[in-house]
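Below is one structure, written out as C-alpha cells, with a few remarks after it.
Number of protein chains: 2
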Amino acid sequence: MSNRTSVPLPRGRPRSFDAEAAVERAMDVFWSRGYHATALPDLLRVTKLSRGSLYAAFGDKHSLFLRALDRYIADAVTRMDIELDPRKEPVDGLRAYLAGYVDRTSGTHGRRGCLVIATTMELAGRDADVNRRIASFFKVMEARVADALSRAKAAGKLADGVDPANAARILVCFVEGLRVISKTAPTGAITQAAADALLDRFIR
Amino acid sequence: MSNRTSVPLPRGRPRSFDAEAAVERAMDVFWSRGYHATALPDLLRVTKLSRGSLYAAFGDKHSLFLRALDRYIADAVTRMDIELDPRKEPVDGLRAYLAGYVDRTSGTHGRRGCLVIATTMELAGRDADVNRRIASFFKVMEARVADALSRAKAAGKLADGVDPANAARILVCFVEGLRVISKTAPTGAITQAAADALLDRFIR
DNA sequence: TGATTTAAAGACCATTTGGTCTATATCTTT
DNA sequence: AAAGATATAGACCAAATGGTCTTTAAATCA
Numbered sequence: 001m002s003n004r005t006s007v008p009l010p011r012g013r014p015r016s017f018d019a020e021a022a023v024e025r026a027m028d029v030f031w032s033r034g035y036h037a038t039a040l041p042d043l044l045r046v047t048k049l050s051r052g053s054l055y056a057a058f059g060d061k062h063s064l065f066l067r068a069l070d071r072y073i074a075d076a077v078t079r080m081d082i083e084l085d086p087r088k089e090p091v092d093g094l095r096a097y098l099a100g101y102v103d104r105t106s107g108t109h110g111r112r113g114c115l116v117i118a119t120t121m122e123l124a125g126r127d128a129d130v131n132r133r134i135a136s137f138f139k140v141m142e143a144r145v146a147d148a149l150s151r152a153k154a155a156g157k158l159a160d161g162v163d164p165a166n167a168a169r170i171l172v173c174f175v176e177g178l179r180v181i182s183k184t185a186p187t188g189a190i191t192q193a194a195a196d197a198l199l200d201r202f203i204r
Numbered sequence: 205m206s207n208r209t210s211v212p213l214p215r216g217r218p219r220s221f222d223a224e225a226a227v228e229r230a231m232d233v234f235w236s237r238g239y240h241a242t243a244l245p246d247l248l249r250v251t252k253l254s255r256g257s258l259y260a261a262f263g264d265k266h267s268l269f270l271r272a273l274d275r276y277i278a279d280a281v282t283r284m285d286i287e288l289d290p291r292k293e294p295v296d297g298l299r300a301y302l303a304g305y306v307d308r309t310s311g312t313h314g315r316r317g318c319l320v321i322a323t324t325m326e327l328a329g330r331d332a333d334v335n336r337r338i339a340s341f342f343k344v345m346e347a348r349v350a351d352a353l354s355r356a357k358a359a360g361k362l363a364d365g366v367d368p369a370n371a372a373r374i375l376v377c378f379v380e381g382l383r384v385i386s387k388t389a390p391t392g393a394i395t396q397a398a399a400d401a402l403l404d405r406f407i408r
C-alpha cells in the first residue's frame, strides 16, 4: 500500500519562511501600534516578506490581524491554564495569576499595553470577527478565575459571603483596568500592593 | 474713558457656528470610531463645517482631537466632583460613583466604550500631548476616590485594615476594567452585583 | 450703499493607504 | 539537466488620507 493514499510531495522551491513566526512578528507590531496605525510596510518589514508572499500566505491585512489576535489570545489562555491549574492550590494559583498581571503592567512591559484591550477599544464595536474572539476570551478568563475561586471556597479558603462568580468578575475587571492605567503610569510596587490588598479581601 | 481700552467690535459677517458645539460633535465621532478611524469627512459632516473653517478654527485634526479629549475629561471630572462631593456622605458618594459606571457600562452605553480608554490604548504610547492628559486624569480620579475613602475611614465606615490609597487604586482599576469588558458584554445586572460586592468588602 | 469680515464650497495637492501583478531568481525533485 | 514550484522585488493601481487655497455668497457695521 506504500504511499498510494499519501499526499504527493511538493515539488520545486519549498516555503522558505515560517508562517507562525511571521504571525508572531505581525502580532508584535499590531500590539505596539494598533490595527489602523500599522501599515503594510510595517508588516513587510517585521515579517521580512514581500507583498506578494504576505498576501499569498494570509489573504489580507485583516486576516493576518485575526491570526495575530488568535495567537495572542492562545498565549494568554495557555498562561492562565498553567497559573490556575486545578491540581495546584487555588489561592496560590490566584496569586500567580495576579502576579503575572503585576509583572506585565510594570515599567516597560506596562507601557506596551495589551493587544486584547487595544483591539477591544479600536475594533470590537465595528468588527464582528474581532468581537466574537474578544467576548469569548473574556468569558473564558472569567470562567477560569471563577473556577479557581470555587475550588478555594470548597476548601474553606474564602472569606464569608464571597460569591465566586462575583469575585471573578471583580478580579478580571481589576486586572484589565490595571493594564489600562499602567499604559501611562506603570508603577509596579503600588500595583502589587493593590493586588495583594484585593485578594486579601476575598480569602480567609 | 468710555471704550478706549475695549476691543473694537468685529465688522462684517459674524461667526455663525458655535465652536464648543463643534468640539462636542467631534468628540462624539472620535468616541465612536477612535482617532485613526475618524477621517476628515466624518468631522466635516458632524460639525457641519467646511474644510477651511475647520482648519481655521482648530488648526488640524490632532488639535481638534485634543480639544475633544479635554472636553471629555472635563465632563468626567465634573461628574466625579458631584458624585464624590465632600459635603456628602462619603460612602453614598462612592456608591453613586460606582452606579455611574454601572450605568455607563450597561447595554448601548456600554457598547459605546470610553474615549479615555480608547485613546490610552491607541495613542498614549506615542503621543506626549495625549499621554500627559490621560496620566493626569487617572491621577485625579484616583485622588478623588482616595479622598472619599479617607473621609469614610475617618467616620469609622471602613472595614478593618483597609488602606484608602490601595482601595482607591482597586476601585479605579475595577471601573476602568468594567468599561473594557463591557464593550463586548455590557451586562448591567451582573455588573451591579459585582460593584456592590466589591464595595461591601471595603465598608463596614 | 459700500466696506469689511466671515464661512461655505469645492478644486486641488502630495502622500499614503491596502491591494494586484509581472518578471526574475532560487530551490527541489525527477 | 530539465521541469516544476515558490519566493522576491518592485512596478503599478485606485482610492483615501490630511491639508491648502481660491472663489463666492452672506452678514454686519459705518
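If you read the protein sequences in the order shown, they are chains A and B. Per my numbering, the first sequence starts with residue 1, numbered consecutively. Per my numbering, the second sequence starts with residue 205, numbered consecutively. C-beta atoms are modelled at their ideal positions from N, C-alpha and C, and glycine is treated no differently. These figures come from a predicted structure and were not determined experimentally.
- Given a length threshold of 4 residues, each whole run of the alpha helix (DSSP H) inside the region 29 to 81 of chain A is given here in chain order: 40 to 47 and 51 to 58.
- When Cβ-Cβ separations below 8 Å define contact, H62(A) makes no contact with chain B.
- Its Cα nearest to that of F341(B), the residue T184(A) stands out among F58(A), T184(A), T78(A) and V172(A).
- Under the DSSP assignment, V376(B) falls in the alpha helix (DSSP H) whose first and last residues are P368 to I385.
- Contact with chain A is found for T324(B), since one of that chain's Cβ atoms lies less than 8 Å from the residue's Cβ.
- For I134(A), at least one C-beta of chain B is nearer than 8 Å to its own C-beta.
- By the Cβ-count criterion, E224(B) is exposed, with fewer than 16 other Cβ atoms from all chains shown falling within 10 Å of its own Cβ.
- About 7 Å separates the beta carbons of M284(B) and Y301(B), which is inside the 8 Å limit, making them a contact pair.
- The CB of K153(A) never comes closer than 8 Å to any CB in chain B; the least such distance is about 14 Å.
- At least one CB of chain B lies nearer than 8 Å to the CB of T184(A).
- Within the model, the alpha-carbon separation for T242(B) versus S220(B) is close to 25 Å.
- Judged by pairs of C-beta atoms under 8 Å, the region 382 to 397 of chain B touches the region 308 to 317 of chain B, as three or more such pairs exist.
- For G100(A), the uninterrupted alpha helix (DSSP H) run begins and ends at P90 to R104, by DSSP.
- Taking a C-beta distance under 8 Å as the contact criterion, V281(B) and V344(B) qualify as a contact pair.
- DSSP, reduced to helix, strand and coil, places L327(B) within a helical segment of the structure shown.
- Here the region 164 to 177 of chain A makes contact with the region 144 to 153 of chain A; the two share three or more CB pairs at distances below 8 Å.
- Annotation for R144(A): the continuous alpha helix (DSSP H) segment containing it runs A128 to A154.
- When DSSP states are grouped into helix, strand and coil, L362(B) belongs to the strand group.
- Taking 8 Å as the cut-off, the beta carbon of M121(A) is found closer than this to the beta carbon of E326(B).
- Boundaries of the alpha helix (DSSP H) around G392(B): G392 to F406.
- Those residues of the region 285 to 315 of chain B placed with their C-beta closer than 8 Å to a C-beta in chain A are R315, ordered along the chain.
- Identification of chain A residues near A397(B) by a Cβ-Cβ cut-off of 7 Å yields N166, ordered along the chain.
- Boundaries of the alpha helix (DSSP H) harbouring R316(B): G311 to R316, taken from the DSSP string.
- In this structure, the straight-line span from the alpha carbon of A372(B) to that of L353(B) is close to 7 Å.
- The alpha-carbon of R87(A) is positioned some 27 Å away from that of I134(A).
- Short of 7 Å from the beta carbon of R275(B), and not among the five residues preceding or following it, lie these beta carbons of its own chain, in chain order: V227, E228 and M231.
- Between R348(B) and L288(B), the CB-CB gap stays under 8 Å.
- Just so you know, the alpha carbons of F174(A) and E346(B) end up roughly 14 Å apart.
- Taking a Cβ-Cβ threshold of 7 Å, none of the residues of chain B is close to R25(A); the smallest such distance is about 19 Å.
- Rounded to the nearest angstrom, the Cβ distance from F202(A) to A159(A) is 6 Å, consistent with a contact under 8 Å.
- Straight-line spacing of the CA atoms in H313(B) and D92(A) works out to 37 Å.
- Going by C-alpha positions, D42(A) is about 11 Å away from S32(A).
- Around A118(A), the same chain offers G34 as residues with beta carbons nearer than 7 Å, after the five sequence neighbours per side are excluded.
- D246(B) has a beta carbon lying at 8 Å or more from every beta carbon in chain A.
- With a threshold of 8 Å between beta carbons, F342(B) makes contact with chain A.
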